[in-house]
Amino acid sequence: MSPESPGMDSMVDKTVLANGVRILSQKMPFVQSVSMGVWIHVGSRDEAITENGLSHFIEHMIFKGTEKRTAFEIAKAFDAIGGYTNAFTTMETTCYHAKVMVNHLETMTEILTDIFLNSVFDETEIEKERPVVFQEIGMMEDTPDEYVHQLASRAFWGAHPLGRSILGDRSNIMKFTSQGIRDFFKRLYQPDRMIIAAAGNIEHDYLVHLLSPVFETIQPGKTFPVRLPPSRQSGIHIHSKDLEQLHVCINTGGVSSSDPRRYVLSLMNTILGGNMSSRLFQRIREERGLAYSVYSFASSFTDSGTFGVYAGVDPDHLMETVNLMLHSFQEIRSTPVTEDELRYAKEFTLGNLLMSAESNENQMVRLAQSEIHFGRYTYMDEIIEKLNQVTADDIQQLAMDMFHNDQMTLTLHGPAPETLKFDQMMSQ
3 MSPESPGMDS
13 MVDKTVLANG
23 VRILSQKMPF
33 VQSVSMGVWI
43 HVGSRDEAIT
53 ENGLSHFIEH
63 MIFKGTEKRT
73 AFEIAKAFDA
83 IGGYTNAFTT
93 METTCYHAKV
103 MVNHLETMTE
113 ILTDIFLNSV
123 FDETEIEKER
133 PVVFQEIGMM
143 EDTPDEYVHQ
153 LASRAFWGAH
163 PLGRSILGDR
173 SNIMKFTSQG
183 IRDFFKRLYQ
193 PDRMIIAAAG
203 NIEHDYLVHL
213 LSPVFETIQP
223 GKTFPVRLPP
233 SRQSGIHIHS
243 KDLEQLHVCI
253 NTGGVSSSDP
263 RRYVLSLMNT
273 ILGGNMSSRL
283 FQRIREERGL
293 AYSVYSFASS
303 FTDSGTFGVY
313 AGVDPDHLME
323 TVNLMLHSFQ
333 EIRSTPVTED
343 ELRYAKEFTL
353 GNLLMSAESN
363 ENQMVRLAQS
373 EIHFGRYTYM
383 DEIIEKLNQV
393 TADDIQQLAM
403 DMFHNDQMTL
413 TLHGPAPETL
423 KFDQMMSQ
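With the working numbering, letter number 129 in the sequence shown gets 131, and the count goes up by one each step, no holes.
See below:
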């Protein structure tokens, strides 16, 4: 084992086991709990098309029984210590996490280790879990303001894995077997892609003492599948459905997770549609009353990213809403943001960042994500400095690089009008 302690922040520690598993911890002495996550740098974009949904299905199955505990006993074990456990899957990561009072750290560690390393993926449990995942897919498809984002991703990324649903394809899910799950787990859940991150009132050496005897036994796997870079699509995609609202999503290219311009994009996102004083919120909701929900968003991956805006509107207000969105893009390209806008965006972003740092769950996530994207802990002072260095010219230059109407996708979900006149608008 090779310990590493960042000199700038003595409360953050890192240990790398001989097989590549990384253990990270942040001591937060002012809290009485600990949050821990077992992270795998594996997500839905690493699946073959016939495997789409398998990472998410494993997320479900990991809690369905081990060699020593049934699914009920796993749930009961966490309840008995007043703990909370859950998991989530993204395009590029999967995380199994829990939170308990610090005096139950040893018990939590043993349970998480057991379910992660000893799940049996029983065929009976698989059959019982299929309809649960189908219900999750159905719930997403029945939530139009959520489903439009899946449709928009498919439109923007095309046939690339980033365009597929993390939840998976129903026909694939019907074919998942215990052996197939174990093979996928063994092939992709490799030790050098595993990160255990914990934040709370804990001692790093004790955490390593609890984790290393088990995790250092994991054998390295074969070569990890290459993540092919995506190509972006453009065009108009209409998905008609009898709904009360028409859900509108415009996507364009963004930046990757490690791109230095991520700080610029964060502030531009805030100014365009990231809060209630943003341009889009004020123009579309407050001044014209065209939408209840309107916002901008950014999604970043290791090699790419997307930026977009969303609104749910009356179909009669579609053209006006899209025009306001596109006008806002062109305006930020042609005219620097004001000093006040930039100052307010920085204060808003920094305030949210610093307040989130008070949560050990958020800090656990930040520990792992920093390690995944940068291979090191990113200090709060460094982030604050980078954000404060962003200028109005930086935002305008990024907007000029990103906002080209002929490189965007427009996705509509709901009662789209019979006659559409977007082609000329989107090509300007």
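From the three backbone atoms N, C-alpha and C, an ideal C-beta is built for every residue, glycine too.
With a threshold of 16 other beta carbon atoms within 10 Å, Met270 meets it and is buried.
Restricting attention to Ile240, Phe178, Arg234, the CA atom closest to the CA of His415 is found in Ile240. Pairing Asp81 with Tyr208, the inter-Cα distance amounts to about 24 Å. Taking each of Lys101, Ser301, Leu412, Gln137 in turn and checking the Cα distance to Phe59, the smallest one comes out for Gln137.
Pro193 and Glu373 have their C-alpha atoms spaced approximately 14 Å apart. In the three-state scheme derived from DSSP, where H, G and I count as helix and E and B as strand, Met13 is classed as coil. With contacts defined as CB atoms closer than 8 Å, Glu69 and Asn120 qualify as a contacting pair.
At a Cβ-Cβ threshold of 8 Å, Ser330 and Leu274 count as neighbours. Per DSSP, the continuous alpha helix (DSSP H) segment holding Ile175 begins and ends at 172-175. Phe158 places its beta carbon 8 Å or farther from that of Thr393.
In the structure shown, the three-state DSSP call for Val257 is coil.
Leaving aside the five residues that flank Ile113 on each side, the residues in its chain whose CB is nearer than 6 Å to its CB run, in chain order, Ala79. The region 320-335 makes no contact with the region 354-369, as fewer than three CB pairs between them are under 8 Å. By the neighbour-count definition (other C-beta atoms within 10 Å, threshold 16), Phe376 is an exposed residue. DSSP places Tyr265 inside the alpha helix (DSSP H), whose first and last residues are 264-271.
By the neighbour-count criterion, in which 16 or more other beta carbons inside 10 Å mark a residue as buried, Ser233 falls on the exposed side. Under DSSP, the beta-bridge partners assigned to Gly237 are Thr411. In terms of Cα proximity to Thr109, the closest of Val135, Ile76, Arg166 is Ile76. CA-to-CA, the gap between Arg189 and Phe350 works out to about 43 Å. By the criterion of a C-beta distance shorter than 7 Å, Leu212 is surrounded in its chain by Glu108, Thr111, once the five residues flanking it on both sides are discounted. Between Val44 and Ser35, the C-beta spacing is not below 8 Å. Between the alpha carbons of Asn277 and His151 lies a gap of roughly 19 Å.
Counting the other CB atoms within 10 Å of its CB gives Ala50 a total below 16, which places it among the exposed residues.
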